[in-house]
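What follows is a short report on a single structure.
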C-alpha cells in the first residue's frame, strides 16, 4: 500500500474522536438526567412534606385503616362544563377525548355494567354543582316497569346508595316504564315496608342502545355523600328475583325479601366517591410551573389533584426543524440509546402503575418513560407520609426535552467540530504523507540516477537541508555518493599513480642497465642484459599505457579549442592506417562536407587511433575495417566497424570503463583496457555519444560516435 | 678542465647511476639528495649544469623551488628537469621556471648524455660568439646549430633543446612530412605521441607570439608534421 493510503487508513482511527465525543455527550446526558431526577425528587420531597394533612387526602382517618377495595371505589372526574343529560355519551366523549378512564365495572356473562362519573362545579358557586353518571349497560333483555305497578322492584333498575359524612344513608332507585326521561325514587322504609319518594332533583335519561341501555344521570352535589355504591338490578321476571351487579362486587342473586332486607338495613356502601380535591390543587398550584405535570395520588393511586405546566412558549423552531430531527436521529443511532423505556400507563383518574405502587410502599423513585407523544419523560414519585404512614404520593413528570435540546446541541456542535477536525486532520495527514512520499520518491529517484545507464556515477548529488530523517537519509546517500565518487576517482587515478610510482624503480633499473652496457661484459651476460632491457622496455610501455588516460584527461583540461575540419582529420588518419596495419583492408566512406567543428583535432585523431587499434586487434588478417563519416542534422556521425568476433553481451555496459578488457584471445600486445576508456573521455569532451554494437548481419562490431555540431567549445 | 654537473636527486640508486655514466663521459659530478644541501653547495660554487628532480625527499615540488632559486642566482645556468612526473602540467611548470629541458626519468642514459653534450655546446657557442657557425636557413627561419638558437624574422625564438631539435628536424627538409618517430629520433627523446603533439603546440605558440601570422608548421593528420616551404 502506498504511504498516503496507509496514513489515510490510519487517520480513520481519528473517527474514534467523534465516538469518544458521543460517549461524553452520553455521560453528559445521563448526568443531566440524574440531575433532573434529583431536582425533581427534591421538589417532590418538599411538596410531599407540605401535603401531610390526611384530611386533604381522605374523608376520614378511618378510611386509611380500612380502605375498601379499589374496584368498589368510584372516581368522579372533574368536568369542565355541565353535561346534557340525554343518554348519549357524545359530550362525555368530547370531554374525555383521549382520556383513558379507569372504568368502574360490574359484570357477568349476560350483563355488563360500566359507569363513568363526573362532577361539574361552577367556579363561582362551589356549593352548587352536579354529579353526573353515565351508565353503559349491556343487557340483551331489558325489563321495563309495567304500568301502574306498585311494587318497588319490578323492572331493571339502577340503585345508588349514598352515605353522607354525618352517617345518614340514602338509596335511590332509577327505573322506567319506557325509554326516555327518568326520575329517581328515594327508597325509604316505614314500618318494615319499603316506600319510595320521587325525587325531582335527580333526573336522568334512559336511552336504549344496540346492546342494552345507556343511562345518563344528574344529581345535585349537595345530596351526594362521601360513600357511594352503584348497582344495576337486573330484574328476573320469571322468578321475581333480582341479580344485583354492584360495582366492584360479584353479581348477587337476591330474592325480593333479601333485597328488601338489604334496603332496610342499608349497609354503608363499600366504596367511596373519590373526587379531585380543590384544596390540594390549590396547594400544588405554585409548583405547577416547574414541571410538566404534577400529580397527587392517594394510597390507591386515585388522582386527587393534577396540574399542568402553562404552555406559553411556542415550540422551539430549532426543535421542529428537520435538521434537529436529523441530528437527534443520528445521535440516537450513534449513541445507541437502546433503553427500552417503560410506557407509562396514564389514566385519567387512577394512577396505579408499578412505580406508584412502589412509592406507596414508602420509597421515592424516578422512572424514565416514553410518553404517548413519543417524548422521553421522567416521572418522579415521592411518598406523602404522616404519622399514619404513607397516605399518598406526589408524582412529578417532566419531559427531558430540555436535556435533549442541550445534549442534542452539544452533540451537534461536537459532531460538527470533530468532523471538521477529522476532515482537516485527514487532509493534513494525507497532504503530509503525499509530501513525505514525494520526498522519498525523489530520493529514490536520485538514488536510482546515481549510476547512469553507462554505469557512470553522476557528478552531483543534491544535498537536502531538511532536518528530519528523510533529510538524514538524503545526506547519508550524499555521503555514500561522495565516498563512491572518491573511490571511483581513486580507481581511475590508480593506474596513473601506479605508473608514476613505478617510474622511479624503472628508472633505477634502466639507468643501471644503461650503465652496465658501458662496461665490458662477457657475451653470456650480454644475453641476459639484452633480455633485461627488453623486459624493461615492455614495462615502460605498460606504464606509458597506464598513464595515457591520465594524460588525455590533462590534455582535455588544458585544451585550447580551435575550428578544424573533422573530415580532414579522419581522412588523413584513415589513409595512414593502411600503412600502419598492412594486413587489414581499410575502407573509407567519408562525406564531402568538411565537417567543421570546434575542439582539439588531436583528440579526434587520438580517439580514432584507439578505435582503429581496437578494431584492428579484432579483425582477422585480410578482413575489412570501415571508417565512415557522415553529417546528420545536428551531429557528425563517425562509425568504425570491423569484421570479426562479436561483442559479448555481458560486458556491454562496462565496455567503456577503464581497466576493462573484453578481449578473449590472448594477444602478445598488452591490453589494459584503456583504449575505449580514452575514447569515452574524448567523446564526452565533445559532448557526444559513443555506442558499441554488433553489426546487423552479425559479421562484426560497429562503434558509433555522434559529435554534436555545436558544443560548449563553439565560439560565436 | 672537467665540467661540473650537479645532480639533485633523492633516489640514491639513480643518483649513483647518473654519477657513474657522467663520470664515464668525463664530467665532474656532485650529488645532492635534497634542496637545502644542494643550495648550500650552490651558494659556495655554482655548477655548470644542474640536473634536478622535481620531488625531493619530503618536498613534493622542491625541484621547482630549487630551480627558481638557482635561476635567480645564475640566469644563464643550464638546468634540466629529470623527473618521474610526466604530466603536461608539470612539464609546462618546469619550463616556465626557466628550465632548459624537461625529461622523464625513463629516458636512456645515452639520450641524457646527448642532451647534456648539446646543452654544453650551446653554452660554449654562445660564449665564443663565433661568426661562422653552422646554420640552417629556411625563409625567415635561421637555426644556429652550434648555439642551438632559432631566429624568426630576425627575432630570437626561446626554444628549449627538445624544441630546437624538433624545429630543426622539420625545417631541414621543408615540405617533407616527418612522422612522430622521426621527430623523436631527431630530438633524442623517447616520447609518446601526445607529448610530441604538445611539444609541437608549444613551438607553434612560441612562434605565434613573435609572429601572429605564423603557419609554417603544418599538421598532416595520421602522418605527422611538415615545414611549409617558404
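Chains as they are written, first to last, in the UniProt record's numbering: chain Y, 1 to 716; chain G, 1 to 230.
Just so you know, even glycine gets a beta-carbon here, dropped at the ideal spot from N, CA and C.
With distances taken from CA atoms, which of the options is nearest residue i?
i: residue 631/Y; options: 620/Y, 591/Y, 647/Y, 355/Y; result: 591/Y
i: residue 394/Y; options: 146/Y, 462/Y, 300/Y, 473/Y; result: 300/Y
i: residue 44/G; options: 120/G, 54/G, 73/G, 195/G; result: 73/G
i: residue 461/Y; options: 173/Y, 444/Y, 113/Y, 419/Y; result: 444/Y
i: residue 271/Y; options: 262/Y, 508/Y, 66/Y; result: 66/Y
i: residue 157/Y; options: 85/Y, 244/Y, 647/Y, 74/Y; result: 244/Y
i: residue 154/G; options: 183/G, 39/G, 14/G, 141/G; result: 141/G
i: residue 501/Y; options: 180/G, 84/G, 164/G; result: 84/G
i: residue 206/G; options: 164/G, 218/G, 184/G, 158/G; result: 158/G
i: residue 223/G; options: 571/Y, 206/Y, 627/Y, 376/Y; result: 571/Y
i: residue 718/Y; options: 685/Y, 553/Y, 351/Y, 409/Y; result: The requested residue 718/Y does not occur in the structure, where chain Y is confined to residues 1 to 716.
i: residue 149/Y; options: 175/Y, 135/Y, 181/Y; result: 175/Y
i: residue 279/Y; options: 267/Y, 531/Y, 466/Y, 306/Y; result: 306/Y
i: residue 183/Y; options: 172/Y, 609/Y, 523/Y, 191/Y; result: 172/Y
i: residue 637/Y; options: 646/Y, 623/Y, 621/Y, 604/Y; result: 604/Y
i: residue 511/Y; options: 532/Y, 701/Y, 497/Y; result: 532/Y
i: residue 178/Y; options: 207/Y, 192/Y, 162/Y, 219/Y; result: 207/Y
i: residue 382/Y; options: 123/Y, 403/Y, 359/Y; result: 359/Y
i: residue 154/Y; options: 553/Y, 239/Y, 290/Y; result: 239/Y
Compute the beta-carbon to beta-carbon distance between residue i and residue j, rounded to the nearest angstrom, for a pair I have assumed lies under 8 angstroms.
i: residue 178/G; j: residue 171/G; result: Actually they do not touch by this definition, with Cβ atoms about 10 angstroms apart.
i: residue 199/G; j: residue 162/G; result: 6 angstroms
i: residue 115/G; j: residue 101/G; result: 6 angstroms
i: residue 134/Y; j: residue 116/Y; result: 5 angstroms
List the endpoints of the continuous alpha helix (DSSP H) containing residue i.
i: residue 164/G; result: 161–172
i: residue 403/Y; result: 401–449
i: residue 530/Y; result: 523–557
i: residue 284/Y; result: 278–284
i: residue 25/Y; result: 16–50
i: residue 607/Y; result: 601–618
i: residue 73/G; result: 62–73
i: residue 474/Y; result: 469–518
i: residue 185/G; result: 180–187
i: residue 23/G; result: 12–24
Between which two residues does the beta strand (DSSP E) carrying residue i extend?
i: residue 378/Y; result: 376–386
i: residue 564/Y; result: 562–565
i: residue 134/Y; result: 129–138
i: residue 636/Y; result: 635–643
i: residue 183/Y; result: 180–190
i: residue 703/Y; result: 700–708
i: residue 37/G; result: Not the beta strand (DSSP E): residue 37/G falls in the alpha helix (DSSP H), residues 35–44.
i: residue 685/Y; result: Where residue 685/Y is concerned, there is no enclosing beta strand (DSSP E), although the alpha helix (DSSP H) it sits in stretches over 675–685.
i: residue 225/G; result: 224–227
i: residue 2/Y; result: No beta strand (DSSP E) contains residue 2/Y, which DSSP labels as neither H nor E.
i: residue 256/Y; result: From DSSP, residue 256/Y is part of no beta strand (DSSP E) but of the alpha helix (DSSP H) over 256–265.
i: residue 630/Y; result: 624–631
i: residue 162/Y; result: 157–163
Problem - Cβ-based contacts, 8 angstroms cut-off: residues of the segment 577–601 of chain Y near chain G - result: Of all residues in the segment 577–601 of chain Y, 577, 601 have a Cβ within less than 8 angstroms of some Cβ in chain G.
Exercise for the section: Check distances from the C-beta atoms of the segment 5–25 of chain G to those of chain Y and list, in chain order, the residues that come in under 8 angstroms. Expected result: 11, 13, 14, 17, 18, 20, 21, 24
Problem - Residues of the segment 507–518 of chain Y with Cβ closer than 8 angstroms to any Cβ of chain G, in chain order - result: 507, 508, 510, 511, 512, 514, 515, 518
Exercise for the section: May I ask you to list, following chain order, the residues of the segment 48–75 of chain G that have a beta carbon less than 7 angstroms from some beta carbon of chain Y? Expected result: none
Exercise for the section: Answer yes if the segment 40–53 of chain Y comes into contact with the segment 280–287 of chain Y, meaning at least three C-beta pairs across the two stretches below 8 angstroms, and no otherwise. Expected result: Yes: the two stretches touch, three or more of their Cβ pairs being nearer than 8 angstroms.
Problem - Inter-stretch contact (C-beta, 8 angstroms, three-pair minimum) for the segment 510–522 of chain Y and the segment 486–499 of chain Y - result: Too few Cβ pairs lie closer than 8 angstroms, so no.
Problem - Given 8 angstroms, three or more beta-carbon pairs between the segment 560–575 of chain Y and the segment 533–547 of chain Y - result: no
Handout entry: the segment 375–389 of chain Y contacting the segment 6–13 of chain Y, beta-carbon criterion three pairs below 8 angstroms
Key = no
Problem - Residues, ordered as in the chain, of the segment 489–504 of chain Y that lie near chain G by beta-carbon distance below 9 angstroms - result: 496, 499, 500, 501, 502, 503, 504
Handout entry: the segment 637–645 of chain Y / the segment 616–628 of chain Y touching (three or more Cβ pairs under 8 angstroms)
Key = With a cut-off of 8 angstroms, the segment 616–628 of chain Y and the segment 637–645 of chain Y count as touching, because enough Cβ pairs lie within range.
Practice task
Compile a chain-ordered list of the residues in the segment 605–623 of chain Y whose CB is closer than 9 angstroms to at least one CB of chain G.
Solution key: Result list: 605, 606, 608, 609.
Problem - Interface residues of the segment 529–545 of chain Y facing chain G [CB-CB below 7 angstroms] - result: Correct list: 540, 544.
Exercise for the section: Check whether the segment 254–263 of chain Y touches the segment 29–41 of chain Y, counting contact only when three or more Cβ pairs, one atom from each stretch, lie closer than 8 angstroms. Expected result: no
Handout entry: Validate contact between the segment 211–223 of chain Y and the segment 157–170 of chain Y using beta carbons, cut 8 angstroms, 3 pairs
Key = Yes, the segment 211–223 of chain Y touches the segment 157–170 of chain Y.
Practice task
Tell me, please, whether the segment 670–690 of chain Y touches the segment 24–37 of chain G by the rule of three or more beta-carbon pairs shorter than 8 angstroms.
Solution key: no
Practice task
Decide yes or no for the touch test of the segment 9–20 of chain Y against the segment 425–435 of chain Y: beta carbon pairs closer than 8 angstroms, at least 3 of them.
Solution key: Output reads yes: the segment 425–435 of chain Y touches the segment 9–20 of chain Y.
Practice task
Mind checking the segment 456–468 of chain Y against chain G and listing, in chain order, the residues whose C-beta falls within less than 9 angstroms of any C-beta there?
Solution key: none
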